[in-house]
Amino acid sequence: MVAFREHFKNPTTAELELIERFGRLPNSAHRDRNFEAFAKTGLPHRRVEAWKWSDVRQALPSLPDACETARRASPFDELDPALEFNFDADGTRIPGHLPEGIRILEQSESQALAGAEDLPVAALGAALSDKPANIIVEISKTPSQPIHLIFAGNSPVMFARIEFLLREGVSAEIYESHLNTGGFTNAIVNYRLEQHAELKRTIYQSADKSGVQVFTGLVQLQAGSSLVQSSLGFGAKLCRNETRVFHQGKGASAELNSAYLVGDGYHYDQTSHVRHSIGECETHQLTKGAVMDGGRAVFQGKFYVARRAQETAADMQHHALILENGGEVNAKPELEIYADDVECAHGNTVGALDAEALFYMRQRGMDERSAKALLTEAFVGEALGNAPDRMRVSLTVQSRDWLKGYL
Numbered sequence: 021m022v023a024f025r026e027h028f029k030n031p032t033t034a035e036l037e038l039i040e041r042f043g044r045l046p047n048s049a050h051r052d053r054n055f056e057a058f059a060k061t062g063l064p065h066r067r068v069e070a071w072k073w074s075d076v077r078q079a080l081p082s083l084p085d086a087c088e089t090a091r092r093a094s095p096f097d098e099l100d101p102a103l104e105f106n107f108d109a110d111g112t113r114i115p116g117h118l119p120e121g122i123r124i125l126e127q128s129e130s131q132a133l134a135g136a137e138d139l140p141v142a143a144l145g146a147a148l149s150d151k152p153a154n155i156i157v158e159i160s161k162t163p164s165q166p167i168h169l170i171f172a173g174n175s176p177v178m179f180a181r182i183e184f185l186l187r188e189g190v191s192a193e194i195y196e197s198h199l200n201t202g203g204f205t206n207a208i209v210n211y212r213l214e215q216h217a218e219l220k221r222t223i224y225q226s227a228d229k230s231g232v233q234v235f236t237g238l239v240q241l242q243a244g245s246s247l248v249q250s251s252l253g254f255g256a257k258l259c260r261n262e263t264r265v266f267h268q269g270k271g272a273s274a275e276l277n278s279a280y281l282v283g284d285g286y287h288y289d290q291t292s293h294v295r296h297s298i299g300e301c302e303t304h305q306l307t308k309g310a311v312m313d314g315g316r317a318v319f320q321g322k323f324y325v326a327r328r329a330q331e332t333a334a335d336m337q338h339h340a341l342i343l344e345n346g347g348e349v350n351a352k353p354e355l356e357i358y359a360d361d362v363e364c365a366h367g368n369t370v371g372a373l374d375a376e377a378l379f380y381m382r383q384r385g386m387d388e389r390s391a392k393a394l395l396t397e398a399f400v401g402e403a404l405g406n407a408p409d410r411m412r413v414s415l416t417v418q419s420r421d422w423l424k425g426y427l
């Protein structure tokens, strides 16, 4: 512990508590490597470029000692029966019976979290999760039902980690509920897709105003594989939803679509990094959001295109509405391109509702509050358009209910 302690300069109370918590865990080379990666940075703060708008150190001065134990509801609870994996105050709970084509593996402790060197909070989660080795869910046959990952966040401090391996040609529909009742929640989900595998990943985030949430998705795409990702988030005291996509085989494709609605006292950070390491791959990203007075949103998107990644097609769009004075949106779209035969672009706008459209609806008898809600729902709803049908409907209802409460 002394060696790790020396990495921290003027550690906060929370960091000292994390060091102490780590010291109580069984010895593990896997844990040591990941905690060392975290210790080099500590809890991210505004002087860390990738976290300059999401200061975890400030939001988490000490670890919470209590929170509401009843988990928040998820709109996915009401969908067709799914294969549920639960991460809550009782630890990691895997279904007792798995259908044909799905089995549980355990990763060798010699394998640390990929990319942990620049994912300090994810490395922390890998070091402190309740399993010393990563759980791998191998899917070798297309499941007949969706998979639901429930990160309940109903304990003061929760760390969770799981990985899915989609074998060649498999299609899977996985949805994630990232919930928080006032504690500190840190989750990592790793997806590895073999050739021509398909993943539809849908994310719902909801938290108490006092909660701190960081969850990270890592997606590795081999030749011909595809990812369609949709998410809806409402923020927390601080919430960061980060996705890393690695194009590792020709013909891979990724769609990253997300919507956010952020009210007074909430903070939501949508960060993504897509790495095109090989040519003939596509990425399309659309993020749309709305922020009320006192709400704060962050969008950071980066496409990296290596020199050998010729014939890459990548487009990134972020558009946000500030519904009231006092709302704040910080955005940083970024392209880093070393190949010359590519089609890459990005766009970013932050503004208010269209005054003419609002006037048009008022002229037809709609009150101002209802008109604003309808226009905002349509605006952010575009980013949910590629979600599976039943999930899109559920997420649309959630956004509509939120707008009714705020407008």
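One point on numbering: in my numbering, the residue at position 156 of the sequence shown is 176, and numbering is uninterrupted.
Note that CB positions come from ideal geometry on N, CA and C, so glycine has one too.
| Asked | Found |
| --- | --- |
| What do you reckon, are the CB atoms on leucine 423 and glutamate 402 nearer than 8 angstroms? | no |
| Does the region 371–380 come close enough to the region 250–258 that 3 or more CB-CB pairs lie under 8 angstroms? | no |
| Decide if the region 86–100 is in contact with the region 301–316; the criterion is three or more beta carbon pairs, one per stretch, under 8 angstroms apart. | no |
| DSSP three-state call for asparagine 54: helix, strand or coil? | helix |
| Start and end of the beta strand (DSSP E) containing threonine 222? | 218–227 |
| Would you call the region 173–187 and the region 55–75 touching, i.e. three or more CB-CB distances under 8 angstroms? | no |
| Can you tell me whether DSSP reads tyrosine 286 as helix, strand or coil? | coil |
| In terms of alpha-carbon separation, which member of Glu262, Pro353, Leu427 lies closest to leucine 394? | Leu427 |
| Can you round the beta-carbon distance between glutamate 104 and histidine 168 to whole angstroms, since I take them to be within the 8 angstroms contact cut? | 5 angstroms |
| On the criterion of 16 or more Cβ atoms from any shown chain inside 10 Å, does isoleucine 9 qualify as buried, or is it exposed? | Residue 9 falls outside the range modelled here, since the chain spans only 21 to 427, and no answer is possible. |
| Using CA coordinates, which residue listed in Gln242, Glu354, Tyr195 is at the minimum distance from methionine 411? | Tyr195 |
| Under the three-state reduction of DSSP, which class applies to alanine 70: helix, strand or coil? | helix |
| Among Gly271, Ala59, Leu186, which one has its Cα closest to the Cα of leucine 125? | Leu186 |
| Under 7 angstroms Cβ to Cβ from isoleucine 357, same chain only, skipping five residues before and after it: list those, please. | Val325, Cys364 |
| Rounded to the nearest angstrom, how far is the Cβ of leucine 80 from that of alanine 279, given a contact under 8 angstroms? | The pair is not a contact, with the Cβ atoms about 26 angstroms apart (cut-off 8 angstroms). |
| So serine 197 packs on leucine 281, CB below 8 angstroms; how close in whole Å? | Not really, about 17 angstroms apart at Cβ, beyond 8 angstroms. |
| Should the region 262–281 be called in touch with the region 222–240, which here means at least 3 C-beta pairs below 8 angstroms? | yes |
| I need the DSSP call for serine 94, collapsed to helix, strand or coil. | coil |
| To the nearest angstrom, how far is the alpha carbon of arginine 328 from that of phenylalanine 28? | 39 angstroms |
| Would you mind giving the Cβ-Cβ distance between phenylalanine 171 and tyrosine 211, rounded to the nearest angstrom? I have them listed as a contact below 8 angstroms. | Rounded, the Cβ-Cβ distance is 15 angstroms, inconsistent with contact. |
| With C-beta atoms as the reference, is arginine 77 less than 8 angstroms away from alanine 147? | no |
| Given proline 101, which residues of its chain have a CB within under 8 angstroms of its CB, disregarding the five upstream and five downstream residues? | Gln165 |
| Going straight from the alpha carbon of proline 46 to that of cysteine 259, what length do you get? | 30 angstroms |
| If you compare alpha carbons, which of Ile159, Lys257, Ser191, Gln215 is closest to phenylalanine 204? | Lys257 |
| When you compare only the Cα positions, how much space is there between threonine 32 and alanine 59? | 12 angstroms |
| Could you pull the DSSP bridge partners for asparagine 210 from this structure? | Glu183, Leu238 |
| Mapping the DSSP letters down to three states, classify lysine 322 as helix, strand or coil. | strand |
| Would you report the Cα separation of aspartate 97 and isoleucine 39, rounded to the nearest angstrom? | 36 angstroms |
| May I ask you to list the residues that DSSP assigns as paired with histidine 296? | His267, Val325 |
| What residues match up with cysteine 259 in a beta bridge as DSSP calls it? | Gln233, Tyr288 |
| I need the DSSP call for tyrosine 426, collapsed to helix, strand or coil. | helix |
| Please classify phenylalanine 428 as buried or exposed, where buried requires at least 16 neighbouring CB atoms within 10 angstroms. | Residue 428 is absent from the structure shown; the chain starts at 21 and stops at 427. |
| Can you give me the Cβ contacts of leucine 285 inside the same chain, cut-off strictly under 7 angstroms, excluding the 5 residues immediately before and after it? | The identity of residue 285 in the sequence shown is glycine, whereas the question assumes leucine. Once the five neighbours on either side are set aside, the close Cβ partners of glycine 285 are Lys229, Gly314. |
| So, is histidine 277 buried or exposed, given that buried needs 16 or more other C-beta atoms within 10 angstroms? | For clarity, residue 277 is asparagine in the given sequence; the question names histidine instead. Per the 10 Å Cβ criterion, buried. |
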